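A.B. asks: Residues -21 to -1, 1 to 476 (mature numbering (1 follows the signal peptide of the UniProt record, and there is no 0)) make up the sequence shown, in order.
For reference, the structure I am asking about is given below.
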Amino acid sequence: MHRFVAALFALLLTLPSLAQAPRPTETGGGLYFGIFLKDTKLGHLHQELDSKARYKGKPSTKLTARSAMNIKMLGANGNITTSEVVYLDPKTGATLAEETRTEASGRVTEVKATYTKDSVSFTAEIQGTKKSGTLRLKPGEVFLRDPSDMPGSKPVPGTRSKGKTFSPDTQTLVDMETVVGEKEPIVVANRTVSAYKIQAVGPVPSTVYVDDEGEILLAQVALGIEIRRLPKEAALAPEGKSVDLADSIGTRPTGVSLEKVARTSHHAVYELGHVTRPLPPSDSVQRWEELPVAGAEKGEKTLKVTVTPPLLPTTPTVKLFAQPSQAPERLRRYLKATEYVPSEDASFVALARKVIGSQTDAARVAQLLAEHTYKTIKADPSILAVRTANDIRKDPRGVCRDYTTYFTTLARAVGLPTKQCTGVAYANGLFLYHAWPEVWVGTDASGNDLWVALEVTWGAPFADATHLKLTEGEITDVSSIAADMGRYSIKVVEVRE
């Protein structure tokens, strides 16, 4: 079960393709599934299998999947379509090649990959930005191979499959393990059936239920989304009443009220529950420690999180780095160009220098670039795609991650170390998914790095203490906490301006 077309979720909060794949049969047109969020139908998924296919002239098993979803985000509707074609070795189940295509809000991402025993070579075109490369396994590593992907396979409780799998969305190799469990009762199409439970353990965990023949009945993935086996007519039927994804995965806090200090708070303490992944290391903006909690579910933790965001200093700070190599080793990753952050592009360097003029002080540069970003990009929640800075510059509309990506590109282009942070921020009574940048402005007397969190989306002078940072680094790093989104509990212990 090591292939699940999670490309359909790749543009939902930047989730990677890590879930598991339904194994379709060859009977009459393949299998059909409905995609649901809290019992509201979002779209459908259709999969077909061809056991007589050929790849490069040799016999292969071909899996084809297509999906379509209508997503509502912050009141705006958007469509996501995905397709994936995978060729497998008919004897071993090893992946030979795969092609994925995702389109959201008119933005297209295509990735093609071919495999050898110990490597995967890929080409990617991300909204017009091209990238290619070869990823190799280290000694002792293997690609994930699971015979249950093959026709005629039946689930065997206790079976474990472990190895590396290629993520088309991040173009990286990630660890994945599948475990076949015993049968459990589930409800499918309004009837209770007994199905084997298969868990996929990885950056984005998922749970799949299959029948005695290994055919998918139900899949549970991140954000509370379910994929349910349905008759063709039901799967393709019109979607139900729309559910706003942002509200659905938002968390309503308990404890002290935040209403009067939401945008001006400089200090807040929270108890963050149902955490399964570590938060970023404590720094000058946010500190955390684990709390002992009786009766917590296995693998879940409750953390005490203290947020004390500083303002940009008004006195001179440090100068920009002329070259990334001049920065300390620990900061160089925050000056690095990526396919989403093309900070080495001459046009972005020129634009950033135009905005900052002759200014070289890190804090003043951050302020100028933040003001420029807020004035340049117009808020548009219908933009669902994870976009490159090039695409954002051509069409300056978007959501928080677009503001953050654009700012980060300009900042790194002139030598200002910048993190892309993702987490939750308080708005309209809920903690909602959000993204914002942090900039480096030097060190304190003890040599500790000083980071300042900026709120470039809302045009505020800083990201206040109602911002809880869950990941940092690059915009796609949100995949590491995708499994927890919508499950967190947040208690406000104290807050002040």
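In this text, a Cβ means the ideal position worked out from N, Cα and C, and glycines have one as well.
Since the structure is predicted, the reported quantities are computational estimates derived from the model, not experimental observations.
Classify S326 as helix, strand or coil using the three-state DSSP reduction.
C.D. replies: Position 347 of the sequence shown, counted from the first residue, corresponds to residue 326. Note: S326 maps to helix in three-state DSSP.
A.B. asks: Are the beta-carbon atoms of D340 and K298 separated by less than 8 Å?
C.D. replies: Numbered from its first residue, the sequence shown carries residue 340 at position 361. Numbered from its first residue, the sequence shown carries residue 298 at position 319. Contact flag set, yes.
A.B. asks: Please give the ranges of any alpha helix (DSSP H) in the segment 366 to 440, keeping only runs that are unbroken, at least 4 residues long and fully inside the region.
C.D. replies: Runs of the alpha helix (DSSP H) inside the segment 366 to 440: 368 to 373 and 379 to 392.
A.B. asks: Looking at C-alpha atoms only, which residue of G22, V474 and V159 is the closest neighbour of E212?
C.D. replies: Taking the sequence shown and counting its residues from 1, one reaches residue 212 at position 233. Taking only the C-alpha atoms, the option nearest E212 is G22.
A.B. asks: Per DSSP, K448 is paired with what?
C.D. replies: Position 469 of the sequence shown, counted from the start, is the residue given in the question as residue 448. In the DSSP output, where bridge partners are listed per residue, K448 has G402.
A.B. asks: Given this structure, state the Cα-to-Cα distance separating P164 from K141, to the nearest angstrom.
C.D. replies: If you number the sequence shown from 1, residue 164 lands on position 185. If you number the sequence shown from 1, residue 141 lands on position 162. Straight-line Cα distance between these residues: approximately 26 Å.
A.B. asks: By alpha-carbon positions, which one of G193, V166, G181 and N169 ends up nearest to Y175?
C.D. replies: Against the sequence shown, residue 175 aligns to sequence position 196. Closest option to Y175, Cα to Cα, is G193.
A.B. asks: Cβ of P259 within 8 Å of Cβ of E451?
C.D. replies: Indexing the sequence shown from 1 puts residue 259 at position 280. Indexing the sequence shown from 1 puts residue 451 at position 472. In contact: P259 and E451 (Cβ atoms closer than 8 Å).
A.B. asks: Which same chain residues end up closer than 8 Å to T422 when comparing Cβ atoms and leaving out the 5 residues on each side of it in sequence?
C.D. replies: Taking the sequence shown and counting its residues from 1, the one referred to as residue 422 is at position 443. Same-chain partners within the cutoff: D428 and L429.
A.B. asks: Taking the straight line between their C-alpha atoms, what separation do you get for D128 and S337?
C.D. replies: By one-based count along the sequence shown, residue 128 stands at place 149. By one-based count along the sequence shown, residue 337 stands at place 358. Unreliable positioning characterises D128 in this predicted model, as indicated by a pLDDT of 49, which lies under 50. The coordinate reading is nonetheless provided below. Taking the straight line from one Cα to the other gives about 60 Å.
A.B. asks: So, A214 versus E473, is the Cβ gap smaller than 8 Å?
C.D. replies: As a working note, residue 214 is residue 235 in the sequence shown. As a working note, residue 473 is residue 494 in the sequence shown. Against a cut-off of 8 Å, the Cβ pair of E473 and A214 comes out as no contact.
A.B. asks: For the beta strand (DSSP E) containing E212, name the first residue and the last one.
C.D. replies: Against the sequence shown, residue 212 aligns to sequence position 233. No beta strand (DSSP E) contains E212, which is instead part of the alpha helix (DSSP H) from K211 to A214.
A.B. asks: Going by C-alpha to C-alpha distance, which of Y385, D456 and T293 sits closest to V328?
C.D. replies: Residue 328 sits at position 349 when you count from the first residue of the sequence shown. Per the Cα distances, Y385.
A.B. asks: By how many angstroms is the C-alpha of K70 removed from the C-alpha of M52?
C.D. replies: The residue you call residue 52 lines up with position 73 of the sequence shown. The residue you call residue 70 lines up with position 91 of the sequence shown. Rounded to the nearest angstrom, the two C-alpha atoms are 44 Å apart.
A.B. asks: Which of the three DSSP states is assigned to I460 in this structure?
C.D. replies: Start at 1 with the first residue of the sequence shown, and residue 460 comes out as number 481. If DSSP states are grouped into helix, strand and coil, I460 belongs with the helices.
A.B. asks: Counting only the same chain and skipping the five closest in sequence on each side, list residues whose C-beta sits under 6 Å from that of Y313.
C.D. replies: Position 334 of the sequence shown holds residue 313. Same-chain partners within the cutoff: P396, T397 and K398.
A.B. asks: Leaving out the 5 sequence neighbours to the left and right, which residues in its chain are closer than 6 Å to T233 when beta-carbon positions are compared?
C.D. replies: Taking the first residue of the sequence shown as 1, we reach residue 233 at position 254. Excluding positions up to five away in sequence, the list reads K470.
A.B. asks: For G137, which residues of its own chain have a beta-carbon under 7 Å away from its beta-carbon, when the five flanking residues on both sides are left out?
C.D. replies: The residue you call residue 137 lines up with position 158 of the sequence shown. Cβ neighbours of G137 beyond the five flanking positions: V159.
A.B. asks: Measure the alpha-carbon distance for L(-7) versus S261 and round it to whole angstroms.
C.D. replies: Reading the sequence shown from its first residue, position 15 is the one you call residue -7. Reading the sequence shown from its first residue, position 282 is the one you call residue 261. Note that L(-7) has pLDDT 29, beneath the 50 cutoff, so the model's placement of it is unreliable and the number below is only indicative. Looking at the two C-alpha atoms, the distance is approximately 25 Å.
A.B. asks: From the DSSP output, read off the bridge partner residues of L16.
C.D. replies: Counting from 1 along the sequence shown, the entry for residue 16 is found at position 37. Paired residues: T19 and I204.
A.B. asks: Does DSSP put D154 in a helix, in a strand, or in coil?
C.D. replies: Looking up residue 154 in the sequence shown gives position 175. Strand.
A.B. asks: Per DSSP, which one or two residues make a beta bridge with S304?
C.D. replies: The residue labelled residue 304 in the question sits at position 325 within the sequence shown. None; S304 has no bridge partner.
A.B. asks: Report the rounded CA-to-CA distance for P440 versus L290, giving the unit in angstroms.
C.D. replies: As a working note, residue 440 is residue 461 in the sequence shown. As a working note, residue 290 is residue 311 in the sequence shown. Rounded to whole angstroms, P440 to L290 spans 7 Å at the Cα level.
A.B. asks: Please report the Cβ distance between P292 and V420, rounded to the nearest whole angstrom; I am assuming they are in contact, meaning their Cβ atoms lie under 8 Å.
C.D. replies: Here residue 292 is taken as the residue at index 313 of the sequence shown, counted from 1. Here residue 420 is taken as the residue at index 441 of the sequence shown, counted from 1. Their Cβ separation, rounded to whole angstroms, is 6 Å, which keeps P292 and V420 in contact under 8 Å.
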